[in-house]
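Since the structure comes first, as structure tokens, the remarks are kept for the end.
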Amino acid sequence: MTKPRTILCLDLALANTGAAVISLEAAKDVLTYVETVHTEKNGKARTSDDEWRRTRELADALRRMVAEHDPAHVFVECPTGGSKSATAARSMAVARGAACAVLCGLGLPVTLVTAAQAKKAATGSSWASKEEVKRAVLSRFPDFNGWIRGKTGKVVAGLNEHAYDAVSVYMAATTTKQFKEIRNVAGK
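Residue numbering for the sequence shown follows our numbering, starting at -17 and increasing by one per position.
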């Protein structure tokens, strides 16, 4: 049997990018890793300098995850619009540019899904709440014990929210032609 293939699923944002790594094993898909890449604003720095630093931090984190997990494919939740402000739209565009540069620069195949597709795949509703997505994800991977924890050892709600969204991207990915092709190779 060949080594299981992995996929990387991202809930892309400049401030908090959620990431989930799934191992496509012969018997079932296994969630092996989650992370939220947080880039902090520096209100004292010039906006363009601060944005450049944050973009570099996101790009470095994406390169590190790819090096550590060697994904066969990356699935990215990439909103197509609907931002609440021009600043939010700009941050999303910056995050998208960083991800595109890193992932395409590394020659990785990427498939985009929308937030509505991810929510629907996870919960059955395109309008699901964050809590409904969380419950669906925890139900799908009840044995996973690698959720992000704070200093006291308790699961951190805010950072895991982005990880849950990244897992919902996996759920949407399973409906794609690209995933089915990867799965067929992994199952052999």
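In this text, a Cβ means the ideal position worked out from N, Cα and C, and glycines have one as well.
Output needed for Lys112: all residues of its chain with C-beta closer than 7 Å, excluding positions within five of it in sequence on either side, in chain order.
Excluding residues within five positions, the ones whose Cβ falls inside 7 Å are Glu143.
Can you say whether Pro124 is buried or exposed, counting buried as having 16 or more other CB atoms within 10 angstroms of its CB?
Under this definition Pro124 is an exposed residue.
Using the C-alpha atoms, what's the distance from Ile(-11) back to Val58?
Approximately 11 Å, taken between the alpha carbons.
List the DSSP bridge partners of Tyr15.
Answer is Val3.
Inspect the beta-carbon positions of Val16 and Ile164 and report whether they are closer than 8 Å.
Contact: no.
Could you check what DSSP says for Ile(-11) in three-state terms: helix, strand or coil?
Here Ile(-11) sits in strand by DSSP.
Take Ala154 and list the residues in its own chain whose beta-carbon comes closer than 7 Å to its own, dropping the five residues that flank it on each side.
Hits under 7 Å: Val95, Gln99, Ala100 and Ala103.
Please tell me whether Ala80 and Thr37 are closer than 8 Å, where the distance is taken between their beta carbons.
Contact: yes.
Could you tell me whether the Cβ atoms of Arg(-13) and Ala54 are closer together than 8 Å?
For Arg(-13) and Ala54, yes; Cβs fall inside 8 Å.
Which same chain residues, not among the five before or five after Arg45, have their C-beta less than 7 Å away from its C-beta?
So the list reads Val84, once near-sequence residues are dropped.
Please classify Ala139 as buried or exposed, where buried requires at least 16 other C-beta atoms within 10 Å of its C-beta.
Flag for Ala139 reads exposed.
Which residues mark the beginning and the end of the beta strand (DSSP E) in which Leu94 is found?
Note, Leu94: beta strand (DSSP E), Val92 to Val95.
Taking only three categories from DSSP, how would you classify Asn(-2)?
It is a strand residue.
Identify every run of the beta strand (DSSP E) within the segment 77 to 120, keeping only runs that are complete inside it and at least 3 residues long; order them along the chain.
Complete beta strand (DSSP E) runs here, min 3: 92 to 95.
Where do the ends of the beta strand (DSSP E) carrying Glu59 lie?
Where Glu59 is concerned, the enclosing beta strand (DSSP E) stretches over His55 to Glu59.
For Ser150, does the count of other Cβ atoms within 10 angstroms reach 16, so buried, or fall short, so exposed?
The residue in question, Ser150, is buried, as its Cβ has 16 or more Cβ neighbours within 10 Å.
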